[in-house]
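A.B. asks: Those sequence lines, one after another, are chains S and D.
Just so we're aligned, residue 1 is where the first sequence starts under this note's numbering, counting upward by one.
Just so we're aligned, residue 1 is where the second sequence starts under this note's numbering, counting upward by one.
2 protein chains.
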Amino acid sequence: MRIPKHIGIIPDGNRRWAKENGMKKEEGYDYGLMPGLRLLREARKYGIEEITYYGFTVDNCKRPKEQLIAFSKACVDAVKMIENEDVSLLVIGNTKSSAFPTELLPYTHRVDNNEKIKVNFLVNYGWKWDLENGLCSKEISRIDMIIRWGGMCRLSGFLPVQSVYSDIYIIRELWPDFQEEQLKGALEWYQKQDVTLGG
Amino acid sequence: MRIPKHIGIIPDGNRRWAKENGMKKEEGYDYGLMPGLRLLREARKYGIEEITYYGFTVDNCKRPKEQLIAFSKACVDAVKMIENEDVSLLVIGNTKSSAFPTELLPYTHRVDNNEKIKVNFLVNYGWKWDLENGLCSKEISRIDMIIRWGGMCRLSGFLPVQSVYSDIYIIRELWPDFQEEQLKGALEWYQKQDVTLGG
Chain S
1 MRIPKHIGII PDGNRRWAKE NGMKKEEGYD YGLMPGLRLL REARKYGIEE
51 ITYYGFTVDN CKRPKEQLIA FSKACVDAVK MIENEDVSLL VIGNTKSSAF
101 PTELLPYTHR VDNNEKIKVN FLVNYGWKWD LENGLCSKEI SRIDMIIRWG
151 GMCRLSGFLP VQSVYSDIYI IRELWPDFQE EQLKGALEWY QKQDVTLGG
Chain D
1 MRIPKHIGII PDGNRRWAKE NGMKKEEGYD YGLMPGLRLL REARKYGIEE
51 ITYYGFTVDN CKRPKEQLIA FSKACVDAVK MIENEDVSLL VIGNTKSSAF
101 PTELLPYTHR VDNNEKIKVN FLVNYGWKWD LENGLCSKEI SRIDMIIRWG
151 GMCRLSGFLP VQSVYSDIYI IRELWPDFQE EQLKGALEWY QKQDVTLGG
């Protein structure tokens, strides 16, 4: 099996999931934590070397304040949870804005360890911020496959440079409904894509 | 009907189509010309205001020479054909490299005319070239929907900045098999996507 070295994860659908389950929109984010952990553990089994999670963006910060508080807290909790998983962590985002959670400042420089799976979180990330400052995300490598939950087929500003050649796989189910089988499905689909890198 | 202002066209599959039809790979490009013209005429009926065609890229130039000659000629022919369609034309690409067809140099500055549909061709385009020179493509506006023929779900270096929020619609059929119904299908699908611009 041809395994992508680096997968990007767009965990969309937390708010729709909350509404469908009779909760307030902002209550959905917490249900995205365990899926993130389970996906990491599953990806590790396949030998995937790097994962980048789309946490939240500068654009997202235009949402109502209660959502902002909730997704920011969920990102902090996710990083602290995954820190215990024997990974090489990196948080990338605009640290100069007040929307960046100060709890995550210690994670903005990678402690390199080639034996460990790399896990990157985009937190208060902005594609404009990234590009206009000489590629702030340059420590993040090219992405082979992007998996997006929640049915939309778009990048929503996710790492434009690292995504130029990525195969994009869309899962209709919402992110809190993550199942290990979905990653398997994505990898099976990936077998049928040829890697040309634009050539 | 909610009509995208600007659509991007990735006309993939010419070489596969040629092989399937018993021709040499490089013979497929010519069969992509009429589809381009028919798509333009159909898009105009819907009131689409801008179309960007992915011609060929710097990456593509690594292909065998007979293919390079063929897709370069097809791009020149396409531009000259579409010039007669009462459009506001623009060709964007790295004009400083020898792979840029000199016949297209006169089209690299737009003669603006707000009443006409804008048609952009990317010719000898490179995403790195674009980004590293302060966005060479800045005259091209944000893209609402990208339609890709040939079944792959990826951008292959297509205008990374203008594509950050684009909805991407994939058509399984190869580009020379273009049918007007496919554009209709894309627009119907587009109705079901909500425009959040990352928010």
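We treat Cβ as the ideally placed atom computed from N, Cα and C, and that holds for glycine.
If you're wondering where the values come from, they're calculated on a predicted model, not measured in any experiment.
Can you look up D/M34 in the DSSP assignment and give me helix, strand or coil?
C.D. replies: helix
A.B. asks: Check whether chain D comes within 7 angstroms of S/S156, counting only Cβ atoms and requiring the distance to be less than that.
C.D. replies: At a cut-off of 7 angstroms between beta-carbon atoms, S/S156 makes contact with chain D.
A.B. asks: Can you check whether the C-beta of D/D59 is within less than 7 angstroms of a C-beta belonging to chain B?
C.D. replies: Going by chain labels, chain B is absent from the structure shown, which instead holds the protein chains S and D.
A.B. asks: Report the CB separation of S/I147 from S/Q162 in whole angstroms; it is logged as a contact under 8 angstroms.
C.D. replies: Between S/Q162 and S/I147 the Cβ distance is about 14 angstroms, and since that is not below 8 angstroms, they are no contact.
A.B. asks: Are the stretch 12–23 of chain D and the stretch 74–91 of chain S in contact at 8 angstroms, needing three or more beta carbon pairs?
C.D. replies: no
A.B. asks: Mind pulling the chain S residues with CB within less than 7 angstroms of D/V164?
C.D. replies: W127, L155, G157, P160
A.B. asks: Could you work out which residues of chain S lie near D/K62, taking near to mean beta carbons separated by less than 7 angstroms?
C.D. replies: Within 7 angstroms Cβ-Cβ: G199.
A.B. asks: Looking at the C-beta of D/D30, does it have a partner C-beta in chain S at a distance below 7 angstroms?
C.D. replies: no
A.B. asks: Answer with yes or no whether the minimum CB distance from S/D167 to chain D is below 7 angstroms.
C.D. replies: yes
A.B. asks: Scan the stretch 50–99 of chain S and note each continuous beta strand (DSSP E) run of 3 residues or more that stays entirely inside, going in chain order.
C.D. replies: 50–57, 87–92
A.B. asks: Measure the C-alpha to C-alpha separation of S/P160 and S/T196 and round it to an integer number of angstroms.
C.D. replies: 18 angstroms
A.B. asks: Along the stretch 121–153 of chain S, where does the CB come closer than 8 angstroms to a CB of chain D? Name the residues.
C.D. replies: W127, L131, M152, C153
A.B. asks: Of the choices S/S166, S/S156, S/L174, whose alpha-carbon is the least far from that of D/S166?
C.D. replies: Selected option, being the one with the closest Cα: S/S156.
A.B. asks: Compute the Euclidean distance between the alpha carbons of D/E188 and S/P101, then round it to the nearest angstrom.
C.D. replies: Cα atoms of D/E188 and S/P101: separation of roughly 41 angstroms, rounded to the nearest angstrom.
A.B. asks: Among S/T108, S/L90, S/D86, which one has its Cα closest to the Cα of S/K96?
C.D. replies: S/T108
A.B. asks: Based on the DSSP secondary-structure assignment, which residues constitute the bridge partners of S/G8?
C.D. replies: S/T52, S/I146
A.B. asks: Name the residue from S/G199, S/S88, S/F178 whose alpha carbon lies nearest to the alpha carbon of S/G32.
C.D. replies: Minimum Cα distance to S/G32 is reached at S/F178.
A.B. asks: So which residues on chain D does S/Q193 lean against when the C-beta distance must stay under 7 angstroms?
C.D. replies: M152
A.B. asks: What separation, rounded to the nearest whole angstrom, lies between the Cα atoms of S/I171 and D/L135?
C.D. replies: 32 angstroms
A.B. asks: Is the beta carbon of S/Y125 closer than 7 angstroms to that of S/G93?
C.D. replies: Taking 7 angstroms as the cut-off, the beta carbon of S/G93 is found closer than this to the beta carbon of S/Y125.
A.B. asks: Mark S/P106 as exposed unless 16 or more other C-beta atoms lie within 10 angstroms of its C-beta, in which case mark it buried.
C.D. replies: By the 10 Å Cβ count, S/P106 comes out exposed.
A.B. asks: Quick one: what's got a C-beta closer than 8 angstroms to D/M152's C-beta in the same chain, skipping five residues either side?
C.D. replies: D12, I170
A.B. asks: Where D/G36 and D/G28 are concerned, what is the direct C-alpha to C-alpha distance, given to the nearest angstrom?
C.D. replies: Roughly 14 angstroms between the two C-alpha positions.
A.B. asks: Taking all protein chains shown into account, decide if S/Q191 is buried (16 or more other Cβ within 10 angstroms of its Cβ) or exposed.
C.D. replies: exposed
A.B. asks: Taking the Cβ atom as the reference point for each residue, do D/E42 and D/E181 lie within a distance shorter than 7 angstroms?
C.D. replies: Not closer than 7 angstroms, so no.
A.B. asks: If you follow the alpha helix (DSSP H) that S/L187 is in, where does it begin and where does it stop?
C.D. replies: 180–191
A.B. asks: Thinking D/I51 and D/I3 are a contact (beta carbons under 8 angstroms), I'd like their distance in whole angstroms, please.
C.D. replies: At roughly 12 angstroms, the Cβ-Cβ gap does not stay under 8 angstroms, so D/I51 and D/I3 are not in contact.
A.B. asks: Tell me, to the nearest whole angstrom, how far the beta carbon of D/S88 is from that of D/K118; I am working on the premise that it is less than 8 angstroms.
C.D. replies: 5 angstroms
A.B. asks: Determine the closest residue to D/G150 out of D/I69, D/W17, D/K5, D/I7, with distance taken between C-alpha atoms.
C.D. replies: D/W17
A.B. asks: When the Cα of S/Q67 is compared with those of S/E26, S/G199, S/V111, which residue comes out closest?
C.D. replies: S/E26
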